[in-house]
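Protein chains: 2
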Amino acid sequence: MEHIGARDRRVDDVEVRQMRYFIAVAEEKHFGRAAQRLHMAQPPLSQQIKALEEQLGTQLLVRTTRKVDLTAAGELLLARARLLLAEIEKLEQDVKLVGQGASGVLRVGVSGTATYRLMPIIVQAAREHMPGLRLSVQGEMLTPEMEIALEEQRVDVAVLRPPIRSNQLSLKFLEKDELVVALPEDHELASRGLLDLADLADEPFIAYPMSSAVNAISTEACRRAGFSPQIVQETQETSTLLSFVAAGMGVALVPTARRMFALQGIVFRQLRNAPAVDLAVAWKTDNETALLKKFLDLFETPATTEGNQA
Amino acid sequence: MEHIGARDRRVDDVEVRQMRYFIAVAEEKHFGRAAQRLHMAQPPLSQQIKALEEQLGTQLLVRTTRKVDLTAAGELLLARARLLLAEIEKLEQDVKLVGQGASGVLRVGVSGTATYRLMPIIVQAAREHMPGLRLSVQGEMLTPEMEIALEEQRVDVAVLRPPIRSNQLSLKFLEKDELVVALPEDHELASRGLLDLADLADEPFIAYPMSSAVNAISTEACRRAGFSPQIVQETQETSTLLSFVAAGMGVALVPTARRMFALQGIVFRQLRNAPAVDLAVAWKTDNETALLKKFLDLFETPATTEGNQA
DNA sequence: TTGATTCAGAGGAAAAAAGTATCAGTCACC
DNA sequence: GGTGACTGATACTTTTTTCCTCTGAATCAA
């Protein structure tokens, strides 16, 4: 005899068409209207639904001549079938796109805070517009690291904070992020809405490493505000940095994080005349891959505020 | 005339049957054998594949009379169609279960170690407080995987290790697990009761993948202890990981496992100032099913140690 | 060149789906 | 309580789709 793989069944398969039919009926709660919506007559629709119920061995609808209702199983099927159809449509699109030649792998480096805020957006956009593209993301990097990685072609694109030293790289400005103050929630300054940098003159600071752009800007801003920050702890990872703040070890200046970590024990407060750091996307100028170009195009759409990017 | 909703298309729909056919051909790389496997003749199979290609407007296969190969689009379709079919089968099962009187089905994703320790407790609690609920559990997953699965609603709840990037998800803190050292029982350090991380500086490490939270925390902790772990083997499954340790290939850091594997050949040792990883339950914020709410309530009862969760 | 192998096409048979006509149950309303 | 309007199911026919058999064209090995 012959072994029949479970994958190769035939007859009693639920088909996409049946799911569409079921969704229509479930949504309209009315065979007639559903049939109309599907541009078909009512009897074959009834038949298909009945067949579906038989295939699943389960009653999906409670029919009276007066109205149609969903059983629990029907509700489940409705919810999941909708998702499934959406997935199938997405798959169709993706296959078409890949058929038209969008595919490959890009290695992306991302700087500290952008890892959590911007990167998911980028990944999402890439998924949408460049399906088949694999992104290999390395987060929580510092600008100098990324410069070297770009030059050595260990990454293809980097989301970093200018300025950069290298002249082999190209930059595209993305946005300007104001720095905000991260405070332990029980800190006395936490009760105030808007702070001056000078208010922090005597506070212990948790800071990014010296080589980071955020640190450079922060230190410079403090100097102008008339004090030199007392750094008690230095750390590269934003998540770690914020844990230190939560633990009450000090305060920190971090780039605006609109919907950042709902981190317990931390509050964010705005600064008057807040210093700001730029965010830009960088790539090696002589890298002229079609894939890279298309990826960079993803950054075009949002109103690319042409700010200064030094 | 009449507006046709995008959901209600007809003719050019990709059907489940076609996907099955395509998978067979793609796997066999041979129309004849695929047809045999599908219990049909070869010509109709060719026709269906051709029709599929036309519907997608994309070439999926490169045929010579000598062999069949996949295009990039074909590879994509193969991978995704497999997943899709698996989901459809799962859906069928779930609908049947609910039809037979289960009050509902929740799909749960669970991260590595929690699979063995916490999951049985959860399942037990669910059985007790929500009889009729069927849990469909997928274990040994990584946080990024689960995030995507939650967003795409392929799972309803996930037990994962923060941090998460997505902002569509909600989190509820569960517990903090200290990392312990897993050692081969004949290891020289096994004779000591409490270890320092620095003791492991020269040991070969078996580690979870880079994208896992445990790996991130471990690596960071080692860095602080003044060394960079030498990773000789990477693996996703805790059971596999521990087998490597048992085989004497190296040591590993794993989350506390009170009643973990009584795996022969392994001993666990505590660490001084042990790093810890959080465990949380996550769900898609806009999923407001009654079933999900009730399930989440199960996590309320234990004295929810309010720790900070970076 | 010949034979074996493999995929595609043509035309007819079988199966599935859709259409038409009709029936039977329920409810609103007089 | 009877009547008519409305709704979904059934019976049967027509149309469409899928599948099968037979055959042909292309490729490769000997």
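Line order of the protein sequences matches chains A and B.
Residue numbering for the first sequence follows my numbering, starting at 417 and increasing by one per position.
Residue numbering for the second sequence follows my numbering, starting at 417 and increasing by one per position.
Ideal Cβ placement from N, Cα and C applies to all residues, glycine included.
If you're wondering where the values come from, they're calculated on a predicted model, not measured in any experiment.
- With a minimum length of 3 residues, the unbroken runs of beta strand (DSSP E) contained wholly in the segment 441-481 of chain A fall at 477-479.
- Straight through space, the alpha carbons of Ile564 (chain B) and Lys592 (chain A) are spaced by roughly 29 Å.
- The three-state secondary structure of Ala502 (chain A), taken from DSSP, is helix.
- For Gly473 (chain B), the residues of chain A that pass the 8 Å Cβ criterion are Lys512 and Gly515, in the order they occur in the chain.
- Rounded to the nearest whole angstrom, the CA to CA distance from Arg436 (chain A) to Val511 (chain B) is 16 Å.
- The distance from the Cβ of Leu468 (chain A) to that of Phe438 (chain A) is about 6 Å, consistent with a contact at the 8 Å cut-off.
- For Ala451 (chain A), no Cβ of chain B is located within less than 8 Å of the residue's own Cβ.
- Annotation: Arg523 (chain A) to Ala663 (chain B) spans about 35 Å, alpha carbon to alpha carbon.
- Fewer than three Cβ pairs drawn from the segment 495-507 of chain A and the segment 689-709 of chain A lie within less than 8 Å of each other, which leaves the two stretches out of contact.
- Taking all protein chains shown into account, Met626 (chain B) has fewer than 16 neighbouring C-beta atoms within 10 Å of its C-beta and is therefore exposed.
- Just measuring C-alpha positions, the residue of B:Ala440, B:Ile682, B:Phe621 and B:Thr481 sitting nearest Gln464 (chain B) is B:Ala440.
- Cα atoms of Val432 (chain A) and Val630 (chain A): separation of roughly 53 Å, rounded to the nearest angstrom.
- The Cβ-Cβ distance between Val526 (chain B) and Val484 (chain B) does not fall below 8 Å.
- Your pair Val575 (chain A) and Phe711 (chain A) does not check out as a contact, with CB atoms roughly 11 Å apart and the cut at 8 Å.
- Straight-line measurement puts the Cα of Phe621 (chain B) at about 45 Å from the Cα of Ala518 (chain B).
- Per DSSP, the continuous alpha helix (DSSP H) segment holding Arg639 (chain A) begins and ends at Ala629 to Arg640.
- Rounded to whole angstroms, the gap between the alpha carbons of Leu494 (chain A) and Ala632 (chain A) is 55 Å.
- For the 8 Å CB-CB criterion, Arg685 (chain B) and Leu605 (chain B) form a contact.
- Close partners of Asp429 (chain B) in chain A (Cβ separation under 8 Å): Val432, Arg433 and Arg436.
- Close partners of Met535 (chain A) in chain B (Cβ separation under 9 Å): Arg581.
- Contact annotation: in the segment 633-654 of chain B, residues whose CB is within less than 9 Å of a CB in chain A are Glu636.
- Taking all protein chains in view, the Cβ of Lys445 (chain A) is surrounded by fewer than 16 other Cβ atoms within 10 Å, so the residue is classified as exposed.
- Rounded to whole angstroms, Leu566 (chain A) and Phe589 (chain A) show a C-alpha spacing of 17 Å.
- In the three-state scheme derived from DSSP, where H, G and I count as helix and E and B as strand, Ser527 (chain B) is classed as strand.
- Listed along the chain, the chain A residues whose CB falls inside 7 Å of the CB of Glu503 (chain B) are Leu500.
- In this structure, the CA atom of Ala641 (chain B) is about 29 Å from the CA atom of Tyr532 (chain B).
- In chain B, no part has a C-beta under 9 Å from the C-beta of Leu669 (chain A); the shortest such distance is about 18 Å.
- DSSP lists B:Trp699 as the beta-bridge partner residues of Ser586 (chain B).
- Annotation: Leu669 (chain B) is outside any alpha helix (DSSP H); the continuous beta strand (DSSP E) that includes it extends over Ala668 to Pro671.
- For the pair Leu486 (chain A) and Leu477 (chain A), the CB atoms are nearer than the 8 Å cut-off.
- For Leu549 (chain A), there are no C-beta contacts with chain B under 7 Å, since the nearest C-beta of that chain is about 11 Å from it.
- If you draw a 10 Å sphere on the C-beta of Lys466 (chain B), you find fewer than 16 other C-beta atoms in it, and that means exposed.
- DSSP places Ala663 (chain B) outside any alpha helix (DSSP H), giving it a letter other than H or E.
- The beta-carbon separation of Ala530 (chain B) and Leu714 (chain B), rounded to 15 Å, does not stay under the 8 Å limit for a contact.
- For Ile682 (chain B), same chain residues with a beta-carbon under 8 Å away, outside a window of 5 residues either side, are Ala598, Leu599, Pro600, Glu601, Leu658, Val661 and Ala662 in chain order.
- For Asp429 (chain A), there is no enclosing beta strand (DSSP E), since its DSSP letter is neither H nor E.
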